[in-house]
Amino acid sequence: MTKIHAHTLVEAAPRVSRATYRRAALTGGVIGNYVDQVNIFLPALALAPAMKTLAGPSAASSGTAIVVMAMLLGRPVGATVFGRIADRAGRTRTTAVAIAGTAACTLLIAALPTHRVLGGATFALLVALRFVGGMFIAGEYSAAVPLAMEWSAPRHRGLFSGLIMAMAPCAQATIAFVTAGMLMALGPESYAAWGWRLPFVAGGLASCAMFVFYRRHVADATRAVRPGIDEAGTRGSLREVVLGPWRGAFWRMFCLMSGLWLMTQMVVLLLGQRLVSDAGLSAGRASVVMGFASVGQALVMALTGHLSTLVGRRRYFLFATTIAAVGGSAAWLWMMGTGPGLVGLIVGAVLAQVLTVTAYGPVGAYLSEAFPAHVRSTGYGTAYSASIVLPALYPYWLPWLAGGTSRNAAVVLVLIAGSALVSLGAALGPRLAPAEIEQVAV
Numbered sequence: 019m020t021k022i023h024a025h026t027l028v029e030a031a032p033r034v035s036r037a038t039y040r041r042a043a044l045t046g047g048v049i050g051n052y053v054d055q056v057n058i059f060l061p062a063l064a065l066a067p068a069m070k071t072l073a074g075p076s077a078a079s080s081g082t083a084i085v086v087m088a089m090l091l092g093r094p095v096g097a098t099v100f101g102r103i104a105d106r107a108g109r110t111r112t113t114a115v116a117i118a119g120t121a122a123c124t125l126l127i128a129a130l131p132t133h134r135v136l137g138g139a140t141f142a143l144l145v146a147l148r149f150v151g152g153m154f155i156a157g158e159y160s161a162a163v164p165l166a167m168e169w170s171a172p173r174h175r176g177l178f179s180g181l182i183m184a185m186a187p188c189a190q191a192t193i194a195f196v197t198a199g200m201l202m203a204l205g206p207e208s209y210a211a212w213g214w215r216l217p218f219v220a221g222g223l224a225s226c227a228m229f230v231f232y233r234r235h236v237a238d239a240t241r242a243v244r245p246g247i248d249e250a251g252t253r254g255s256l257r258e259v260v261l262g263p264w265r266g267a268f269w270r271m272f273c274l275m276s277g278l279w280l281m282t283q284m285v286v287l288l289l290g291q292r293l294v295s296d297a298g299l300s301a302g303r304a305s306v307v308m309g310f311a312s313v314g315q316a317l318v319m320a321l322t323g324h325l326s327t328l329v330g331r332r333r334y335f336l337f338a339t340t341i342a343a344v345g346g347s348a349a350w351l352w353m354m355g356t357g358p359g360l361v362g363l364i365v366g367a368v369l370a371q372v373l374t375v376t377a378y379g380p381v382g383a384y385l386s387e388a389f390p391a392h393v394r395s396t397g398y399g400t401a402y403s404a405s406i407v408l409p410a411l412y413p414y415w416l417p418w419l420a421g422g423t424s425r426n427a428a429v430v431l432v433l434i435a436g437s438a439l440v441s442l443g444a445a446l447g448p449r450l451a452p453a454e455i456e457q458v459a460v
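Take a look at the structure:
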């Protein structure tokens, strides 16, 4: 049985205002995470066909991986910084600042000069903007997702968590289909010359719209003497989360998230690359395959959060990771080993993602339930983001692992290891059966 937290108090406001703020926070959590994820996936999908324009011919092959890693490595820094700000200054205000920073970085990338103008400095600016953008993106979800969970009723927390987390594959599908459509409409040369800028402009403007929405319509759901002060009157800290009284919750969540990130790197980022290098698809067709896989993942992930409320959080994760280790590995080997053709690759990619990374569904709720209000954004953001560092470096350690086995066997080993880490993190945590979830206040 988990310790029950009573750190959250609903703002003293008229009943109708409370309902309005609740709807706004939940809407902002879902749509805001969609916009957030669009900005995350833009370099991996929309920029890859045009990398020569910014990195030059010699660095184009590795440029996308470097840009993606820059953003991923910026996220732990941003989660730590903005998580503390959110716990002290308020989640709504922090979310608005982080969204504004994300919009600025994305629009600046859209305006970057080509490699012909600045040479290597263009690519250096791109990497720097993605690192800083990763910091702001982490700040957004470290504040906005716990805020949405704080406005949710316990019985609906898993449902809204699933809807929020499902926005990641929705965003990936959007970018994949838009990229494929633009490549067909403009042709590879025109897309590489200027077409790639349009998705970045759209992503930046969408962030601007979310900034206005949060400033006008969303309010914090918590206060304990004043924002950031717990019931004992002391401020929380990162040390309290990582080494202090909440270290057990943090390291369990870090373990669980590390496993989820390992699976994500394999069946989302690496799979898109292998469809081109190993399966022989063009960039456009690979985008179509990944788009269908993302749609399937989104539909299932939207349900898995609520499923965890019905069966219990721990039981859900243990079941889901068993399926991931067996089914996800089988789907990968079938895709890469038998050459099933375009339709077969679509089916295999859908299965690979549905059977593995849909386990993210309850994460928004589960991480929020693990920490009290005065350290919730710090705990949530740091556990969610710091755990990505080692998985994000897979371009460096996966070839070493493959050297001792094979390219496909190495991926299977990573999927099994990721499943084991998720199972371990869940097994060490509270059971959170349905009746217990009702008693956990966030």
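To get the working numbering, take the position in the sequence shown, counting from 1, and add 18.
Note that beta-carbon positions come from the ideal geometry of N, C-alpha and C, so glycine has one too.
Quick caveat, the model's predicted, so the values are computed rather than measured.
Residue i burial status per 10 Å Cβ neighbour count (16 or more: buried)
i       : result
Val-230 : exposed
Pro-131 : exposed
Arg-173 : exposed
Arg-33  : In this predicted model, Arg-33 has a pLDDT of only 49, less than 50, meaning its place in the structure is not dependable enough to derive any value.
Arg-134 : exposed
Trp-418 : exposed
Arg-257 : exposed
Ser-80  : exposed
Pro-75  : exposed
Tyr-414 : exposed
Leu-363 : buried
Arg-41  : exposed
Gly-92  : buried
Ser-424 : exposed
Val-453 : The sequence as given places Ala at residue 453; Val does not occur at that position. Answer is exposed; the Cβ neighbour count stays below 16.
Gly-251 : Residue placement at Gly-251 cannot be trusted, given a pLDDT of 43 that sits under 50; what the coordinates show is reported in the next sentence. With fewer than 16 other Cβ atoms within 10 Å, it is exposed.
Among the options, the one whose alpha carbon lies nearest that of residue i
i       : options                            : result
Thr-71  : Met-319, Tyr-52, Leu-136           : Leu-136
Ala-297 : Gly-357, Thr-38, Met-281, Phe-141  : Gly-357
Ser-326 : Gly-46, Gly-176, Ala-73            : Gly-176
Ala-198 : Trp-418, Ala-184, Arg-36, Leu-299  : Leu-299
Val-259 : Ala-438, Thr-98, Met-87            : Thr-98
Leu-328 : Val-365, Ile-455, Arg-270          : Ile-455
Val-85  : Arg-40, Leu-143, Trp-350, Leu-44   : Leu-143
Cys-273 : Glu-168, Ala-435, Tyr-39, Pro-217  : Ala-435
Ile-49  : Ser-276, Gly-221, Gly-330          : Gly-221
Ser-441 : Leu-431, Gly-422, Tyr-334          : Tyr-334
Ala-302 : Ala-66, Ala-451, Arg-40, Ala-171   : As written in the sequence, residue 302 is Gly, which differs from the Ala given in the question. When only C-alpha atoms are compared, the closest one is Ala-66.
Val-458 : Gly-379, Glu-168, Leu-369, Leu-280 : Glu-168
Asp-238 : Leu-317, Pro-94, Ser-395, Gln-283  : Ser-395
Asp-54  : Gly-138, Ala-146, Val-163          : Val-163
Ala-121 : Gly-447, Leu-44, Ile-182, Pro-217  : Pro-217
Leu-147 : Cys-123, Thr-140, Ala-161          : Cys-123
Gly-447 : Leu-433, Ala-388, Ala-427          : Ala-388
Ile-182 : Ala-171, Val-196, Ala-166, Arg-332 : Ala-166
Asn-51  : Leu-411, Ala-370, Ala-427, Ala-316 : Ala-316
Pro-187 : Tyr-378, Thr-82, Ala-161, His-324  : Tyr-378
Tyr-384 : Val-56, Ser-179, Thr-110           : Ser-179
Gly-382 : Ala-37, Arg-36, Gly-47, Thr-38     : Gly-47
Residue i - DSSP class collapsed to helix/strand/coil
i       : result
Val-243 : Its pLDDT being 33, under 50, Val-243 is placed unreliably by the model, and nothing is read from it.
Ile-58  : helix
Pro-164 : helix
Gly-92  : helix
Val-447 : Checking the sequence shown, residue 447 turns out to be Gly, not Val. Note: Gly-447 maps to coil in three-state DSSP.
Ser-424 : coil
Ile-434 : helix
Glu-456 : coil
Pro-7   : Outside the shown range of the chain, which is 19 to 460, sits residue 7, and nothing can be said about it.
Gly-108 : coil
Leu-63  : helix
Ser-441 : helix
Ile-406 : coil
Ser-347 : helix
Ser-170 : coil
Gly-151 : helix
Gly-330 : coil
Leu-411 : coil
The stretch 92-107 contacting the stretch 219-234, beta-carbon criterion three pairs below 8 angstroms: Output reads no: the stretch 219-234 does not touch the stretch 92-107.
Cβ contact check for the stretch 200-210 and the stretch 395-404: 3 or more pairs under 8 angstroms: At 8 angstroms Cβ cutoff, the stretches do not touch.
Contact the stretch 190-201 vs the stretch 299-314: 3+ CB pairs below 8 angstroms: Verdict: yes, contact present.
contact_flag[the stretch 145-165, the stretch 114-134] where n(CB pairs < 8 angstroms) is 3 or more: Yes, since at least three Cβ pairs between the stretch 145-165 and the stretch 114-134 fall closer than 8 angstroms, the two stretches touch.
Complete runs of the beta strand (DSSP E) confined to the stretch 351-401 [at least 3 residues]: The qualifying runs do not exist here; there are none.
Contiguous alpha helix (DSSP H) assignments of at least 4 residues, all confined to the stretch 172-240: Counting only runs of 4 or more, we get 172-183, 185-204, 215-235.
Those runs of the alpha helix (DSSP H) which lie wholly inside the stretch 111-144 and span at least 4 residues: Qualifying alpha helix (DSSP H) stretches, in chain order: 133-136.
Runs of alpha helix (DSSP H) wholly within the stretch 238-324 (minimum 4 residues, chain order): For the stretch 238-324, whole alpha helix (DSSP H) runs of length 4 or above, ordered along the chain, are 256-260, 265-282, 289-295.
Meets three-Cβ-pair contact criterion under 8 angstroms: the stretch 255-270 and the stretch 318-338: A contact is defined here as three or more CB-CB pairs under 8 angstroms, and the stretch 255-270 fails this definition with respect to the stretch 318-338.
Inter-stretch contact (C-beta, 8 angstroms, three-pair minimum) for the stretch 139-156 and the stretch 89-98: The stretch 139-156 is in contact with the stretch 89-98.
The stretch 340-353 / the stretch 367-381 touching (three or more Cβ pairs under 8 angstroms): With a cut-off of 8 angstroms, the stretch 367-381 and the stretch 340-353 count as touching, because enough Cβ pairs lie within range.
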